[in-house]
Structures are given as C-alpha cells and as structure tokens.
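Structure first, commentary second.
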Amino acid sequence: MYGSASTHDLPTTATTGLENEDPILLAEFEARIARGEKIEPGDWMPALYRKQLTRMIEQHAHSEIIGSLPEGTWITRAPGFRRKMAQMAKVQDEVGHAQLLYSAAETLGKTREQMLIDLINGKSKYSNVFNYPTPTWADSNVISWLIDAGAIVNQLANAKGSYGPYCRALDRICAEEAFHLKYGHDAVVHMATGTPIQRAMMQAALNRWWPAIMTFFGPSDKMSVHTEILMRWKVKMASNDECRNQFLDMYVPKIWEIGLTLPDEKLAKNEETGRWEFTEPDWEDFKRVINGDGPCNAERIAVRRAAEENGAWVRRALLTPKTQYVRPLA
Amino acid sequence: MIQSFDPRMNRLGLPDAPVTAATKTALDQFGTYEVFHQKKDGAPYVYVGPVHAPEADVAFLFAKEQFSRRFACTGMWVVPTAAITVTDYVGDQESAYDFLPLLPKSVAPAPGNADDTAGEAAAYAAGEEDYDIFHLKKRGKAHQHVGKVRASSPAAALQVAKAVFGEQRPVVNVWTTRSADVLRSDEEDRDIWSTTPEKKYRDAISYKVQDRIEKFKAENK
Amino acid sequence: MDPKLDLLYRLADDQLILGHRNSEWNGLGPILEEDIAFSSMAQDKLGHSLQLYNLLHNLGEAEPDTVAFTRNAPQFHCCQLVELPIGEYDFSLTRHFLFDHAELLRFEALATSSYEPLAQVARKLRGELKYHALHANTWMKRLGTATEEAIERMQGALNFTLPYALGIFETTEAEPEIISSGLFIGEAELKSRWLESITKILAQTALDMPDLNLLTPVNGGRYGQHTEHLQPLLDEMAEVFRLDPTADW
Ligand SMILES: [Fe+2]
Ligand SMILES: [Fe+2]
Ligand SMILES: [Fe+2]
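Protein chains in written order, with this note's numbering: chain A, 2 to 331; chain B, 488 to 708; chain C, 973 to 1221.
Now the structure itself:
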C-alpha cells in the first residue's frame, strides 16, 4: 500500500539545479523518456531526478513496512482458518513490498540501512493513513480493501513511470495487490452482508476510516514548476485529484451496493462533469498528523525501532567482511 | 509504555520515548545477491530482484520466499552482486555488444571457441572458466539467461558472448558472471516448490464474492 | 481415545499453536527477508494443521474452525514447547530448529503410515518441510559459529528449550496401538532419530549439546496440561471468532 508523493513533498523554494546539468546529457535523457524508453541505473540522470525518485521510492517503501502494522494488529486474531492464513499472507506481502522498493531505491545510491535509520529517527515520511489505529477487525478489513484499492490506483499509474527498477518492483507488487484487493473486498462483503453485529462493526469502521481515505491521495494539486518537470520526467504520473476521482468512481458504488453508507452528505457524482463532489478533507488536521501528532505516529516508529534494536544482534552476528556491500544492479 | 490495539506490541513493551538516538551503524549492511528464477523446465532463468544476505546459502533461503512463494518455480540461482560485470546500457533498438571496449589482441579470444570441445580441456587447464551470460532485451524488463561461454576474464567472456549471442537484437544490456559464483538450487531439491501452487489462499482467484453480493441485493431491494 | 484421533489431534494442535506463535513475528523480524521467510513457514504450519483437522473432520470430529477456535486449553493436545511466547529471536529460532527436525522426521515416517489419508498428506508435505529444515539448519550453523554474543545467546536458548522439546515425544495411552497398527513408528523411535539429526547439525557449531539424561522432559501437554500461556493465546486467537459464533466471517 502506498500514499502518493504529493506535491507538498516537493521542494518549493530551492532551485531545481538544472542549470548546472550538462545540457547535452540532459537533452538525451529527456529525449529517451519522451521516446518511452525507461531509465536504468547505469544511465546518466539529473541530480534532481535521482533525488526526487529516491525520496519517492523510499517513502513508498516506508509506507509498505509501516503499512503492514495496522493489519498486523489483527494477525493473531483473524477469525477462522481462511482469514487467518490470508491475513498472514497479506501482511507478509506488505513486508515483501518494502523489500522490493528499498531495493529499487538502493539502485539510486542510498543504502537500505540508511533509509531504515532515517525512518526510525523520524526523518522520513510515509503514507499518513497508517498513523491511524485499527481498533476492530473490521478496521483491518477496510484497510485491506479500500486503502489497498487506493494504492493500486497509484501504483498502476507509477508502473508506467520512467525508472526501470521502480517499474519492475511495481509490476511484481501490482500482481500481489490483486490478491489484497479481492481478499479485502471478500472480508468486507462478508461483514456487511452478515449478522447485525458484523454489519454494525463494519459500518463503524468505515465511518472511522473515510476521512483518512479521502486524504490518501494527498491535497489537491497546485501545479508548480517542479511538478511539471517531474511529470515530464515521468516521475509523477497522475495528479492527486485524478487518482482520487478514479478511486471514488470505482469504489463508492461497490460500497453502496452492499448497503453501507459513507459519512459525507455531499458525496455524489456530478454526472455533467463526471467528477465526484465531496466535503473538502481537513487538510490542517492532515498536516498536523503527518508532522507527527497523530494517534499512532509514536507507536509506528517505536515498533520499527524495537524490531531494529531487537534484531541488531542477529545482524551483527551475520556480518561478514567477505560480502562487501555494493548497490544492487536493477 | 505505549498502549497498542495490537496485543503483540503490548507484549513487546514499547517505551513511550526512544531510548537511544541511533541504533544502527553504517557497518550494519549486508552484501546483496541478485536472484534469478525459472518458471518451468526449459524456460530461461529470469532476473527477479536482489536480497540482502551475509552468505549465498542465506541468500538462497531468503530468495526462495521473497521471489517464489507464489506460482510454479523449478529452480533458482543467486549471485553476489559484486560478482556480476555489467555493460553500458544502450537504447532499446541497439546492441550493447556494439559498444564493448576493444580488448588487446592477446586477451581477445577466437570467436566461437565456446563450442570447441576438442580444445576444451586445454582451455580450462590454461585458466579459462565458464561464464553465464544474461541479456536485457528492453529497458524496464528483466535480464534473462541466454547461455554460457568459456573465457579467461569477464571482459573476454563478453567478447565470446558477442560472437555466440551477438546476432540477437536488441540487447540493451549484458550481465556476465563466473559460473562458479552462481549458487544453483539442486535438481533433487526442487520439491521445495511442490506445494506452492496449492497455496490458493494467497491468490486473488480464491476470493469470489459476487454471488453473495447479488443475493444481498436481491433480498434488500 | 481412538489411536487415529489421538495421533491426529497431537499433530494438528502442535502445528496450529506453533504456526500461530511464529506468525507473531510478522513485521517484527530482524531482517526484512527473514521476516518474509519466517512468515511463510508459519503459514505452512497453519496449512498443515488445517489439513490434519480436515482428516479429523472426515473421521467425525467437528469442522476445523470449530475445533481450532472454540476449544479451551485443557482440550488441547499440543506439547508445551509450542505454546511458549515468542521471546527473542534466539529462542524462536531454536524452537523452530528443534521442532522442525522432529516434524520433518515425523512426516517422513508418516509417509508409510497404515492410515492412507495421513500418509498422503505426509508425502505431499515432504518438500515443504525440507525447506523448513534447511532454513533452521542454516540459521543454527550461522549463528552457532558467529560472534561470541550470538553463540552465548544460542547456547542459552538451547539449554532453556531442550527440556520443552523433549516434551514433543511424550506418549499417550494410545501409543502401543499406534505402533502396532502401523499408524506411526512411535515417539521413542522418532526421538532417537531426532536426536541423531540435531546432534549432527549442532556438531557443526560451537554449541554444546547438553546431556539429555540430566534433563527432565516437560510433559503434560499431550494430556491437556499446559503452561499459563496457552489459554490467553487461545482467547486472543478466538477474540473475533467468538464475538458472534453464528457469523460467517
Ligand atoms: Fe497491499
Ligand atoms: Fe503493498
Ligand atoms: Fe516447519
């Protein structure tokens, strides 16, 4: 799962540094992308491209590893064999996605350990929705279905981006997301069409999660110079609003058809414009949470820190001078 | 202590505030191994991604579950990243073999020697070795194994590979590695994948819920 | 109890409880790749238990979900080894090593069981268990020859875990009939194979094998006597399931 690299992450005042790049190399680089060819790790690339991609893939990786925690919360309590095994497999996949994405980011020059250090020291961001808790099994189901659905919208777009290693990772990830989406939908449908207790649990979870889901794709795009460059370079592939609209188009009808409601009276599709209208999410609250003051920020980081600290002796024991770290190839 | 909805975390006893500032040092970094996977007998080994591991045997354990826990698999190779020689990447219509640096005459091998069985023993005795060759056909796709050559160095192996596989086009990038550096799964161990296709709970197709939705809609018209 | 049921319940409950315990590591492992591998093996164990509960169901016992999610500790036949909390990774790995060697050898022997449905399951799982043992052996050998810190930890874990591991081989009243009817080779024979097998691996490490004759096996599990950890585990596992026993989750 994944929250988009939204525009608020981009440098707003710093220069792009493009004026310092070799104009011939830059032109070749841009021509390659314009031709639809992917960029591979051995290629020349502008510093800004490397920096933005590193940040974006790294954040995506963090979102996977942190994103495994809200559903991991229910891993020991999933009801019945069918759910228990699938919940384990899904949480495992999310850890696997982190592994794939850290590897892709490493090809750009930042080591995985450095990325993990930055994460546990609170220096890196990850998708803000994972700073909210999953107090019931139904909350976990809502994530499995709808947060993953949102992630798929993003990831399918990004899989068409320009960086080869990221595309390869996303191809693998998207194939697994198909399982997550179906599993999540299956679980939500069972609850929504089940006993009154199940139904009430599911509606309550959906009410809790809806505001966060509406922020998942990030604030409305204000096109800056930098976004234009990143779009030209196929780093950023779709606008936040586009993704959100696509998501609503695909999933709101599926939510309504099983008799669930959404806690936004304004939510409706404008048939004339083809766009969904809704109550503007509370972006001030979003900012507050993403900057550390959410219900679970401290816990999420503390968990990663504990995992790293408790595992340190294992890694120390296995380090051999024989295997020198070099960047993975692709 | 942080109170969590996750009983596992409550058992961990997470402190409210971080105890130490930094928990990892720069040294805390394994080498990486590149992983190749075979879908079915006779299919080429295809690159699937890297794993971090201290040794090849551990890399294999890791690779097996990270890259082949779904779908059929008949074999897996792991290679230390540092043992792979990489050519320049060229355009999607070009061949990386056209851009190989020229070798001095003394090092350049006679083309086609890989199939010369008569001279084989002598060549090995003279220090030549087998090299595995992988091609990338299109940027954004994955490297695939195309075969082996015999040579005295990675650079020489690329020259031989050019003679043997150079007809193939396009070749965006070539990887070459000493065959001795490749850890290959044993033929007799391929049953470690025998139950993988049965683990249907990991597959999207196991979750069919449309009937249930239709029934609900019919009952709640 | 009928010897078939007796044997199947012991096998199935071991797999369920250890699979459940090992799943607790998911997302908390020492290395990302190891996190994934360990989770797979936990899933495998759940899968094994499900297949065994299905055999029980075919013999007239309740549905697997009912059997797994509604019984209480005294009705469980697992050994106490599997119910202990995950502790630190040294313990979890050591338990995995000691249990999975027994598991591999047990299923190898069950491949020729006179009870054909069980023999079939055992034959099918061969490759899966081979990977588990390979994983356990590789880790044991690596950590058991690594830093002083690691060797000390692993030795401590081994000393602590072995008495519990001996509890795997606790026999029940059905044992003579299990052996005579060709259902299974019996726990004593399994134990001696297991001992040989783990000793061979430990010999390749800096770890000392404690004298088993001086250890008292932690028994009782096969008769429903458990540590204080099992009931809370079961309550946790069934927390959602029991919210609404009529529900289809
Ligand atoms: Fe997912
Ligand atoms: Fe994911
Ligand atoms: Fe096992």
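No residue lacks a Cβ here, since even glycine has one placed at the ideal position from N, Cα and C.
Please report whether the beta-carbon of residue i lies at a distance below 8 angstroms from any beta-carbon of chain A.
| i | result |
| --- | --- |
| Thr-941 (chain C) | Lying outside 973 to 1221, the shown extent of chain C, residue 941 (chain C) is not represented and no answer is given. |
| His-630 (chain B) | yes |
| Met-496 (chain B) | yes |
| Arg-1125 (chain C) | yes |
| Asn-998 (chain C) | yes |
| Gly-1001 (chain C) | yes |
| Gln-516 (chain B) | yes |
| Arg-656 (chain B) | no |
| Gly-1019 (chain C) | yes |
At the 8 angstroms Cβ level, is residue i part of the contact set with chain B, yes or no?
| i | result |
| --- | --- |
| Asp-187 (chain A) | yes |
| Ala-984 (chain C) | no |
| Met-2 (chain A) | Here Met-2 (chain A) scores only 46 on pLDDT, less than 50, and its place in the model is too uncertain to base an answer on. |
| Glu-1080 (chain C) | no |
| Ala-1175 (chain C) | no |
| Asp-44 (chain A) | yes |
| Gly-295 (chain A) | no |
| Cys-168 (chain A) | yes |
| Lys-1172 (chain C) | no |
Would a C-beta distance cut-off of 8 angstroms place residue i and residue j closer than the cut-off?
| i | j | result |
| --- | --- | --- |
| Thr-1133 (chain C) | Phe-1063 (chain C) | yes |
| Glu-1121 (chain C) | Trp-314 (chain A) | yes |
| Leu-319 (chain A) | Arg-1098 (chain C) | no |
| Met-202 (chain A) | Thr-280 (chain A) | no |
| Ile-1173 (chain C) | Asn-1131 (chain C) | no |
| Pro-264 (chain A) | Asn-208 (chain A) | yes |
| Ile-58 (chain A) | Ile-302 (chain A) | no |
| Ile-1123 (chain C) | Arg-316 (chain A) | no |
| Thr-936 (chain C) | Glu-1055 (chain C) | Because chain C spans 973 through 1221 in this model, residue 936 (chain C) falls outside it and cannot be assessed. |
| Ala-152 (chain A) | Tyr-252 (chain A) | no |
| Val-522 (chain B) | Gly-500 (chain B) | no |
| Met-1112 (chain C) | Thr-1171 (chain C) | no |
I need the DSSP call for residue i, collapsed to helix, strand or coil.
| i | result |
| --- | --- |
| Arg-637 (chain B) | strand |
| Ala-6 (chain A) | Bear in mind that a pLDDT of 45 at Ala-6 (chain A), under 50, signals an unreliable position, so the model cannot answer this. |
| Thr-13 (chain A) | Because Thr-13 (chain A) carries a pLDDT of 48, less than 50, the predicted location of this residue cannot be relied on, and the following value inherits that uncertainty. Of the three classes helix, strand and coil, the one that applies to Thr-13 (chain A) here is coil, per DSSP. |
| Asp-222 (chain A) | coil |
| Gln-516 (chain B) | coil |
| Pro-567 (chain B) | strand |
| Phe-1156 (chain C) | coil |
| Glu-654 (chain B) | coil |
| Leu-670 (chain B) | strand |
| Thr-584 (chain B) | Rather than Thr, the amino acid found at residue 584 (chain B) in this sequence is Tyr. Correct three-state label for Tyr-584 (chain B): helix. |
| Gln-631 (chain B) | strand |
| Ile-620 (chain B) | strand |
| His-539 (chain B) | strand |
| Asn-660 (chain B) | strand |
| Arg-626 (chain B) | coil |
| Thr-1038 (chain C) | helix |
| Ile-66 (chain A) | helix |
Would residue i count as contacting chain C if we go by Cβ distances under 8 angstroms?
| i | result |
| --- | --- |
| Lys-551 (chain B) | yes |
| Ala-540 (chain B) | yes |
| Phe-492 (chain B) | no |
| Val-522 (chain B) | no |
| Leu-548 (chain B) | yes |
| Thr-682 (chain B) | yes |
| Leu-330 (chain A) | no |
| Thr-14 (chain A) | In this prediction, Thr-14 (chain A) has a pLDDT of 44, which is less than 50 and means its spatial position is unreliable; nothing more can be read from the coordinates. |
Residue i CB to nearest chain F CB: under 8 angstroms?
| i | result |
| --- | --- |
| Val-545 (chain B) | Going by chain labels, chain F is absent from the structure shown, which instead holds the protein chains A, B and C. |
Three-pair Cβ contact test at 8 angstroms for the region 1186-1206 of chain C versus the region 1007-1014 of chain C: Flag = no, the region 1186-1206 of chain C and the region 1007-1014 of chain C do not touch.
Every unbroken alpha helix (DSSP H) within the region 166-217 of chain A, with a cutoff of 4 residues, ordered by chain: Counting only runs that start and end inside the region 166-217 of chain A, the alpha helix (DSSP H) elements of at least 4 residues fall at 197-216.
Residue ranges of each alpha helix (DSSP H) run of no fewer than 4 residues wholly in the region 262-295 of chain A, ordered along the chain? Runs of the alpha helix (DSSP H) inside the region 262-295 of chain A: 284-289.
Assess contact between the region 987-999 of chain C and the region 1049-1069 of chain C, defined as three or more Cβ pairs (one per stretch) separated by less than 8 angstroms. Is contact present? Under the Cβ criterion (8 angstroms, minimum of three pairs), the region 987-999 of chain C counts as touching the region 1049-1069 of chain C.
What are the complete alpha helix (DSSP H) segments, minimum 4 residues, inside the region 93-136 of chain A? Qualifying alpha helix (DSSP H) stretches, in chain order: 113-121.
Which runs of the beta strand (DSSP E) fall wholly inside the region 989-1019 of chain C and span at least 3 residues, in chain order? Whole beta strand (DSSP E) segments, 3+ residues: zero.
Below 8 angstroms, how does it come out for the region 176-190 of chain A and the region 127-147 of chain A: are there three or more Cβ pairs, yes or no? Short answer: they touch.
Three CB pairs or more closer than 8 angstroms across the region 641-654 of chain B and the region 615-627 of chain B: Three or more pairs of CB atoms, one per stretch, sit closer than 8 angstroms, so the region 641-654 of chain B contacts the region 615-627 of chain B.
What are the uninterrupted segments assigned as alpha helix (DSSP H) that are 4 or more residues long and contained completely in the region 1095-1156 of chain C, given in chain order? Entirely contained in the region 1095-1156 of chain C, the alpha helix (DSSP H) runs reaching 4 residues are, in chain order, 1120-1138 and 1147-1152.
Taking contact to mean 3 or more Cβ pairs, one atom from each stretch, closer than 8 angstroms, check whether the region 1023-1033 of chain C and the region 112-126 of chain A are in contact. The region 1023-1033 of chain C, when compared against the region 112-126 of chain A, does not touch it at the 8 angstroms Cβ threshold.
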